[in-house]
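Engineer: First residue of the sequence shown: -14, per the working numbering; consecutive thereafter.
Where a beta carbon is used, it is the ideal one built from N, C-alpha and C, also for glycine.
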Amino acid sequence: MRHPHHDSEGVVKLTPAEAAVVSHVVRGLTNKEIARVLRKSDLTVKNQLTAVYRKLGLKRRLQLIAMFRA
């Protein structure tokens, strides 16, 4: 696992767009489904997920799901 990226207060902060993508990932939607629901391109969703993984120090979608379902 990578080290999470913290802000100056020691808190990992997601943008509202990243948080919206995460909520749909946790519900089990695919990137394509998320893109359709949020009216974004598949690439935008992929890029936002990549940013989330980096910020949280994760490598896989399942790690993200496990983190937010815990």
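In chain order, what residues of the same chain have a beta carbon less than 7 Å from the beta carbon of A36, not counting five sequence neighbours either side?
Structural biologist: As a position in the sequence shown, residue 36 is number 51, starting the count at 1. E3, listed in sequence order.
Engineer: Can you tell me which of R45, G13, A51, L41 puts its alpha carbon nearest to the alpha carbon of R0?
Structural biologist: Against the sequence shown, residue 0 aligns to sequence position 15. Looking at the sequence provided, one finds Thr at residue 0 rather than Arg. With distances taken between Cα atoms, T0 lies closest to L41.
Engineer: Could you please give the first and the last residue of the uninterrupted alpha helix (DSSP H) stretch that includes T35?
Structural biologist: For the purposes of this step, residue 35 is taken as the residue at position 50 of the sequence shown. Taken as a continuous stretch (DSSP letters only), the alpha helix (DSSP H) holding T35 covers 27 to 41.
Engineer: Take the Cβ of L43 as the centre, count every other Cβ of all protein chains shown within 10 Å, and call the residue buried at 16 or more, exposed below.
Structural biologist: In the sequence shown, counting from the first residue as 1, residue 43 sits at position 58. Buried is the call here.
Engineer: Quick one: Cα of R46 to Cα of V10, how far?
Structural biologist: Counted from its first residue, the sequence shown places residue 46 at position 61. Counted from its first residue, the sequence shown places residue 10 at position 25. Rounded to the nearest angstrom, the two C-alpha atoms are 8 Å apart.
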